[in-house]
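All remarks here apply to the structure that follows.
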Amino acid sequence: MEFSNLLIETVDGIATLTVNRPQSLNALTGEVLRELECALYGLELDPEVKVVIVTGAGEKAFVAGADIKEMAAMDACQAHEFACTGQRVMQLIGQMKKPVIAAVNGFALGGGLELALACDFIYASEKAKFGLPEVTLGVIPGFGGTQNLARLIGPNRAKELIFTGRMISAVKAGEWGIVNEVFPPEELLVKARETAEAIARNGLKAVASAKDAVANGLNMAKGDGFRYEASLFGVLFASEDQKEGMAAFGERRKAEFKGR
Ligand code: CO8
2 MEFSNLLIET
12 VDGIATLTVN
22 RPQSLNALTG
32 EVLRELECAL
42 YGLELDPEVK
52 VVIVTGAGEK
62 AFVAGADIKE
72 MAAMDACQAH
82 EFACTGQRVM
92 QLIGQMKKPV
102 IAAVNGFALG
112 GGLELALACD
122 FIYASEKAKF
132 GLPEVTLGVI
142 PGFGGTQNLA
152 RLIGPNRAKE
162 LIFTGRMISA
172 VKAGEWGIVN
182 EVFPPEELLV
192 KARETAEAIA
202 RNGLKAVASA
212 KDAVANGLNM
222 AKGDGFRYEA
232 SLFGVLFASE
242 DQKEGMAAFG
252 ERRKAEFKGR
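Written out as structure tokens, the structure reads:
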């Protein structure tokens with residue numbers, strides 16, 4: 002499928018999905034969001050794809066937010082529709098069985114930070130900047146940012162970022178636990194790819210179950226989360242990958258997982 006605002010390249014099971022509107026710092030219009038939804042569904046269903054990396058085109062931005070010029074002309078119904086589309090995209094990333102890594106190459110602001118937060122984890126370039134500047138525009142984060150950021154770094158730091166609308170550096174974002182690792186700009190995609198390849202070599206049914214356990218367990222009481230984890234653990238014993246992984250260990254060879 003052809004997209005006007007996205008580039009997708011799949012090499013050896015790793016798909017790189019690039020938001021491609023560098024002239025607008027990759028800002029998210031309604032059309033970009035609809036394309037992202039479509040593209041992510043496609044990647045989830047594509048048997049060739051094992052891990053997805055999301056990044057932004059150009060040197061300057063990952064995604065500098067929702068498109069302010071488009072939003073400025075919206076009425077309340079259109080803004081609601083826009084927020085719902087954005088939230089569907091963010092939730093889809095969380096619900097996908099495949100891991101999704103954000104490679105933040107520059108500004109990740111507003112909806113751009115929300116997109117990164119929706120991914121399973123974030124790698125960043127030293128040049129990246131993070132912020133939720135919505136209050137400087139008279140609105141609040143609308144793609145799950147208040148929820149995801151507060152859960153990730155705690156309510157106090159989240160409120161400081163959201164109330165001030167300030168940007169923080171990649172290093173600070175690392176210290177605060179928003180970013181897993183920070184790399185020189187030229188190494189960002191290489192490192193994201195190395196990690197994606199390391200994940201892709203594992204039993205992908207197990208990786209999907211781990212993603213499910215972490216995401217859903219966080220919304221449960223701890224005891225329910227433990228029970229949920231045990232049930233997912235048990236179900237994996239019906240998979241070919243579990244048989245292969247444990248047999249390979251016994252036979253002192255590398256497992257050849259099929260994702261079944
Ligand atoms: N929307 C539209 N266009 C943008 C955006 C954006 N978010 N960000 C940058 N651009 C455009 C600029 O207008 C400019 O275009 P042009 O050359 O045609 O004027 C081009 O990108 C380059 O940008 P700048 O010249 O401004 O570049 P600078 O290096 O001077 O500044 C900044 C970079 C600091 C990133 C600056 O562009 C900026 O502040 N951008 C806006 C950041 C922002 O406020 N983002 C949050 C938007 S709100 C949001 O994301 C809400 C999400 C939830 C929505 C809920 C549903 C309703």
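The number in the working numbering is simply the position in the sequence shown, starting from 1, with 1 added.
We put the beta carbon where it would ideally sit given N, CA and C, even for glycine.
query	result
Distance cut-off 8 Å: residue 210 Cβ against heavy atoms of ligand 3	Annotation note on ligand 3: not contained in the displayed structure, which lists ligand 1 as its ligands.
Closest residue to residue 4 among 43, 146, 12 and 70 (Cα-Cα distance)	43
Ligand 1 heavy atom lying under 8 Å from the CB of residue 92	no
Burial state of residue 120 (16 or more Cβ within 10 Å)	buried
Coarse secondary structure for residue 52, derived from DSSP in three states	strand
Bounding residues of the beta strand (DSSP E) (the contiguous stretch that carries residue 9)	7-12
Residue closest to residue 203, alpha-carbon to alpha-carbon, out of 242, 67, 173 and 192	242
Range covered by the alpha helix (DSSP H) that runs through residue 72	69-73
Enclosing alpha helix (DSSP H) for residue 247 [first to last residue]	241-251
Exposure of residue 187, with buried meaning 16 or more beta-carbon neighbours within 10 Å	exposed
Closest by C-alpha distance to residue 262, when choosing among 71, 118, 21 and 248	The chain is shown from 2 up to 261; residue 262 falls before or after that span and cannot be answered.
Buried/exposed call for residue 52, threshold 16 Cβ in 10 Å	buried
Ligand 1 heavy atom lying under 8 Å from the CB of residue 129	no
Three-state secondary structure assigned by DSSP to residue 119	helix
Buried or exposed (CB count within 10 angstroms, at least 16 for buried), residue 254	exposed
Beta-carbon proximity check, residue 107 vs residue 67, cutoff 9 Å	no
Contact under 9 Å by Cβ, residue 17 with residue 69	no
Local conformation of residue 80 per DSSP, three classes	helix
Backbone secondary structure at residue 34 - three-state DSSP	helix
Any non-hydrogen atom of ligand 1 closer than 8 Å to residue 26 Cβ	yes
Residue 147: first and last residue of the uninterrupted alpha helix (DSSP H) it sits in	146-154
Residue interval of the alpha helix (DSSP H) (run including residue 237)	223-237
Residue 90 to residue 185 span [Cα, whole Å]	29 Å
Strand pairing of residue 17, partner residues [DSSP]	10 and 54
Which residues DSSP lists as bridging residue 42, in chain order	According to DSSP, residue 42 bridges with nothing at all.
C-alpha gap between residue 259 and residue 31, whole angstroms	37 Å
Contact set for residue 245: own chain, Cβ-Cβ below 8 Å, skip 5 residues either direction	204, 256, 257, 258 and 259
According to DSSP, residues forming a beta bridge with residue 168	132
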